[in-house]
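Chemist: Take a look at this one; I'll ask things after.
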Amino acid sequence: MEEGPEVSEAYKIPDGLYYTEEHEWVKKLEDGTVLVGVSDYAQKQLHEIVYVELPETGSEVSQMDSIGAVESVKAVSDMFAPVSGTIVEVNEALLDSPELINEDPYGEGWIAKIEPTDLDADLTKLMDAEAYRAHVAAQAH
């Protein structure tokens, strides 16, 4: 069974990001902050997203704390902080257009920007794209 190509074709899993087992992603930015969001796999499992509960700007979060929720026509799913730190910005466009998560989960559909407290330590607990592809392949079967 060829799982790699099948998963790669079914779900976008970009290299250069870090992923959680709960299907959040982390992108390091040049200013030392990180963007976080939900993966393509997660948004496809949820189907049409109709509402997003965003975290509060300025709130302190620990890795894997709940930072909000994504509600779809099918289910409500908690979102978890992939890294510890302070929420410095949230994607307010999602309040009026939650479908951006479906349309562009790694771009316009980002959830929050976090100023991490110990990024290197947190990243060791996350998966790179290759490991995440294997994780998704295992869940998809």
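Take 103 as the starting number for the sequence shown in this note's numbering and just add one per residue. Even glycine gets a Cβ: it sits at the ideal position worked out from N, Cα and C. Predicted, not measured: the structure shown is a model, and the values here were computed from it.
I need the straight-line Cα distance from Arg235 to Ile115, nearest angstrom please.
Modeler: For the purposes of this step, residue 235 is taken as residue 133 along the sequence shown, with counting starting at 1. For the purposes of this step, residue 115 is taken as residue 13 along the sequence shown, with counting starting at 1. When rounded, the distance between both Cα atoms is 7 Å.
Chemist: Using the DSSP secondary-structure output, state which residues sit across from Ala171 in a beta bridge.
Modeler: Here residue 171 corresponds to residue number 69 of the sequence shown, with the count starting at 1. DSSP lists Glu155, Asp180 as partners of Ala171.
Chemist: Check the C-beta distance from Leu228 over to Val128 and give it rounded, since I have them as a contact under 8 Å.
Modeler: Mapped onto the sequence shown, residue 228 falls at position 126. Mapped onto the sequence shown, residue 128 falls at position 26. Indeed they touch by this definition, with Cβ atoms about 6 Å apart.
Chemist: State the Cα-Cα distance for the pair Val140 and Asp180, rounded to the nearest angstrom.
Modeler: Against the sequence shown, residue 140 aligns to sequence position 38. Against the sequence shown, residue 180 aligns to sequence position 78. When rounded, the distance between both Cα atoms is 10 Å.
Chemist: What distance in whole Å lies between the Cβ atoms of Phe182 and Glu132, which are believed to be in contact at a cut-off of 8 Å?
Modeler: Against the sequence shown, residue 132 aligns to sequence position 30. Against the sequence shown, residue 182 aligns to sequence position 80. Contact doesn't hold; Cβ gap of about 25 Å is too wide.
Chemist: Expressed to the nearest angstrom, what Euclidean distance is found between the alpha-carbon atoms of Glu105 and Ala171?
Modeler: Translated into positions along the sequence shown, residue 105 becomes position 3. Translated into positions along the sequence shown, residue 171 becomes position 69. Because Glu105 carries a pLDDT of 41, less than 50, the predicted location of this residue cannot be relied on, and no value is offered for it.
Chemist: To the nearest whole angstrom, what separates the beta carbons of Glu196 and Leu148, a pair I think is in contact under 8 Å?
Modeler: Mapped onto the sequence shown, residue 196 falls at position 94. Mapped onto the sequence shown, residue 148 falls at position 46. Residue identity check: residue 196 is Leu in the sequence provided, not Glu. At roughly 14 Å, the Cβ-Cβ gap does not stay under 8 Å, so Leu196 and Leu148 are not in contact.
Chemist: Which of the three DSSP states is assigned to Gly106 in this structure?
Modeler: As a position in the sequence shown, residue 106 is number 4, starting the count at 1. At Gly106, the pLDDT of 45 sits below 50, so the modelled position is not reliable; the number obtained from the coordinates is stated separately. In the structure shown, Gly106 sits in a helix (DSSP, three-state: H, G or I).
Chemist: Between Ala233 and the rest of its own chain, which residues show a CB-CB distance below 8 Å, the 5 nearest in sequence each way excluded?
Modeler: Numbered from 1 along the sequence shown, position 131 holds the residue referred to as residue 233. These residues qualify, in order along the chain: Tyr121.
Chemist: Where are the alpha helix (DSSP H) runs, 4 residues long or more, that stay fully inside the region 189-223, in chain order?
Modeler: Correct list: 195-198, 202-205.
Chemist: On the criterion of 16 or more Cβ atoms from any shown chain inside 10 Å, does Gln145 qualify as buried, or is it exposed?
Modeler: Against the sequence shown, residue 145 aligns to sequence position 43. Buried.
Chemist: Do you know how far the Cα of Asp224 is from the Cα of Val185?
Modeler: Along the sequence shown, read from residue 1 onward, the residue named residue 185 stands at position 83. Along the sequence shown, read from residue 1 onward, the residue named residue 224 stands at position 122. So the two alpha carbons sit approximately 6 Å from each other.
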